[in-house]
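Accompanying notes for the structure given below.
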């Protein structure tokens, strides 16, 4: 199929769509299952509003999708689709992709009780080959993270594939719009954001040559992913939960400050540590290129490297992994600057991207399309989910304080979550079982268990909202 070809006939002529079975929920909405009528083969279906940004995503994805380590696009339909909560049909792109039955990277690792360093090296090589293909086409992915790395099936030798090109761009040396997930963000992306925000607010004069970042940011993200695969936690994190990158975490990223704690890293090879060090260089020019990664001894070693990694055991804690991913998703939604060409605006028209997102919730954009159900134009459901995610983050992420202060903070975020989710029976029953008196917990709380149940509440609330 040519990269610019699409079907204008109805997708329903060729496929049956399972609207209730969701494979996952990205920033652009859930990915569903569809079945080819002629063969009964299952595929993944991603649905995007038909806009220039969506067409660019499809174009760049299709340019890259010939590689065996990148999720393949089967075909694309341009149809008008009306969802139950919409007052009229809207033009959409329906992207039929190969089904990835093996799940996300972290989930896969958690299923292998004996995930070895050799296996981590083999996974890394496949990710690097996918990036090499993108970079050879001068395309920067810009959102490399474990959730965007999927296994084809559940077999032991299943390939891992890169997906979601929603923030990919052709790298012409002008990648000025920072797109990132905090744990995987490169230092020069933060610098680009910092300078861009200061120029917009008039703190510093506008530079005729914008501060840019390039494909090397994907290499930084790869370094973070390798680190997490090997030990089970990220090299850069903050003791303070926040929807923006806290100062301590930002400082660590900008200075490249990370360690290899003895407890988890004592049995990991020096070759593995070496590739991490060379990928997490603050200066892009000092960082390994993708060719340097593929030539690195760790990816080409004949040594057994059969040491069992601690990451599999740590990732078996579903609540911990879910909590971190929930935090990532929330930070993605709040921290991404809109994917538009960066242009200088009059000072009075400039606003913070986080505030802009919140102001837009439940309002009518310029194209006349409501973000929420026209009959229920409130943003309460979004706030309600946000408050629940705060509870998970408070339960899971490392906290600055201990003891009473930590308990008080949990009580505070739970009060907020309860205020917006009083109608949820599962949450009400959960709070009763955890000795909640309306203002706080009277007994010691099993935080991981609470986080797991709140995750179920989020899924229940999300499914309820989608089915309305």
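In this note's numbering, the protein residues as written are 4 to 471.
Ideal placement from N, C-alpha and C gives every residue a C-beta, glycine not left out.
It should be emphasised that the depicted structure is a prediction, and the values quoted were computed from it without experimental measurement.
Check: In the structure shown, what three-state DSSP assignment does residue 110 receive?
Finding: Taking the chain shown and counting its residues from 1, one reaches residue 110 at position 107. It is helical.
Next item on the list: Please list, in chain order, all residues of the same chain as residue 1 whose beta carbon is under 6 angstroms from its beta carbon, the five residues on each side excluded.
Entry: Not covered by the structure: residue 1. The range shown for the chain is 4 to 471.
Check: Using the beta-carbon count (16 or more within 10 Å), is residue 117 buried or exposed?
Finding: As a working mapping, residue 117 is identified with position 114 in the chain shown. Answer is exposed; the Cβ neighbour count stays below 16.
Check: Leaving out the 5 sequence neighbours to the left and right, which residues in its chain are closer than 7 angstroms to residue 312 when beta-carbon positions are compared?
Finding: Within the chain shown, numbered from 1, the residue matching residue 312 stands at position 309. For residue 312, where only same-chain residues beyond five positions count, the Cβ hits under 7 angstroms are 118, 119, 120, 123 and 233.
Next item on the list: Determine the contact status of residue 27 and residue 107, defining contact as a CB-CB distance below 9 angstroms.
Entry: One-based indexing of the chain shown puts residue 27 at position 24. One-based indexing of the chain shown puts residue 107 at position 104. Contact flag set, yes.
Margin query: Using the Cβ count rule (16 or more neighbours within 10 Å means buried), how would you classify residue 215?
Written below: By 1-based counting over the chain shown, the position of residue 215 is 212. Its pLDDT being 39, under 50, residue 215 is placed unreliably by the model, and nothing is read from it.
Margin query: Below 8 angstroms on the Cβ atoms is my contact criterion, and I expect residue 38 with residue 19 to pass it. Report the Cβ-Cβ distance as a whole number of Å.
Written below: Taking the first residue of the chain shown as position 1, residue 38 is located at position 35. Taking the first residue of the chain shown as position 1, residue 19 is located at position 16. Contact holds; Cβ gap of about 5 angstroms.
Next item on the list: Could you check what DSSP says for residue 100 in three-state terms: helix, strand or coil?
Entry: For the purposes of this step, residue 100 is identified with residue 97 of the chain shown, where counting begins at 1. Three-state DSSP puts residue 100 in a strand.
Notebook entry, point to check: When you compare only the Cα positions, how much space is there between residue 74 and residue 150?
Noted result: Start at 1 with the first residue of the chain shown, and residue 74 comes out as number 71. Start at 1 with the first residue of the chain shown, and residue 150 comes out as number 147. Residue 74 and residue 150 have their C-alpha atoms spaced approximately 13 angstroms apart.
Notebook entry, point to check: From residue 9 to residue 80, what does the alpha carbon distance come to, in whole angstroms?
Noted result: Residue numbering aside, residue 9 sits at position 6 when the chain shown is read from its first letter. Residue numbering aside, residue 80 sits at position 77 when the chain shown is read from its first letter. If you take the alpha carbons of residue 9 and residue 80, they lie about 5 angstroms apart.
Margin query: I'd like to confirm the pairing. Which residues does DSSP put opposite residue 10 in its beta bridges?
Written below: Here residue 10 is taken as the residue at index 7 of the chain shown, counted from 1. Partner(s): 80.
Check: From what residue to what residue does the alpha helix (DSSP H) around residue 229 run?
Finding: Against the chain shown, residue 229 aligns to sequence position 226. 219-234 is the span of the alpha helix (DSSP H), which, as asked, contains residue 229.
Margin query: Rounded to whole angstroms, what is the Cα-Cα separation between residue 54 and residue 82?
Written below: Counting from 1 along the chain shown, the entry for residue 54 is found at position 51. Counting from 1 along the chain shown, the entry for residue 82 is found at position 79. Straight-line Cα distance between these residues: approximately 13 angstroms.
Item checked: Span separating the alpha-carbon of residue 489 from that of residue 271 -> This structure gives no information on residue 489, because the portion of the chain shown stretches from 4 to 471.
Check: If residue 423 sits next to residue 387, beta carbons under 8 angstroms apart, how far is it from one beta carbon to the other, in whole angstroms?
Finding: Taking the first residue of the chain shown as position 1, residue 423 is located at position 420. Taking the first residue of the chain shown as position 1, residue 387 is located at position 384. Indeed they touch by this definition, with Cβ atoms about 4 angstroms apart.
Notebook entry, point to check: Using CA coordinates, which residue listed in 267, 84, 305 and 430 is at the minimum distance from residue 459?
Noted result: As a first step, residue 459 is located in the chain shown; it is residue number 456 there, counting from the start. Ranking the options by Cα distance to residue 459, first place goes to 430.
Notebook entry, point to check: Does the Cβ-Cβ distance between residue 290 and residue 297 come in under 9 angstroms?
Noted result: Translated into positions along the chain shown, residue 290 becomes position 287. Translated into positions along the chain shown, residue 297 becomes position 294. Not closer than 9 angstroms, so no.
Item checked: Where the beta strand (DSSP E) containing residue 165 begins and where it ends -> By 1-based counting over the chain shown, the position of residue 165 is 162. Segment 163-165, the beta strand (DSSP E) holding residue 165.
Checklist line | Cβ-based burial, residue 464 [other Cβ within 10 Å; buried from 16] | finding: Position 461 of the chain shown, counting from 1, holds the residue named residue 464. Buried is the call here.
Check: Can you tell me whether DSSP reads residue 237 as helix, strand or coil?
Finding: As a first step, residue 237 is located in the chain shown; it is residue number 234 there, counting from the start. Note: residue 237 maps to coil in three-state DSSP.
Notebook entry, point to check: If you run the structure through DSSP and keep just helix, strand and coil, what is residue 62?
Noted result: Indexing the chain shown from 1 puts residue 62 at position 59. It is helical.
Item checked: residue 24 classed as buried or exposed, judged by whether at least 16 other C-beta atoms fall within 10 angstroms -> By 1-based counting over the chain shown, the position of residue 24 is 21. Exposed: under 16 other Cβ atoms inside 10 Å.
Next item on the list: Would you mind stating whether residue 165 and residue 130 have Cβ atoms separated by less than 9 angstroms?
Entry: As a first step, residue 165 must be located in the chain shown, where it is residue number 162. As a first step, residue 130 must be located in the chain shown, where it is residue number 127. It is a contact, given that the beta carbons lie within the stated cut-off.
Next item on the list: Return the bridge partner residues of residue 25 from the DSSP annotation.
Entry: What you label residue 25 is simply residue 22 of the chain shown in a count that begins at 1. Residue 25 is bridged to 35.
Next item on the list: Would you mind working out which of 399, 275 and 305 sits nearest residue 317, comparing C-alpha positions?
Entry: Along the chain shown, one-based indexing puts residue 317 at 314. Among 399, 275 and 305, the Cα nearest to that of residue 317 belongs to 399.
Check: Hey, out of 279, 104 and 231, whose CA is closest to residue 222's CA?
Finding: The count along the chain shown starts at 1 and reaches residue 222 at position 219. For the residues 279, 104 and 231, the minimum Cα distance to residue 222 belongs to 279.
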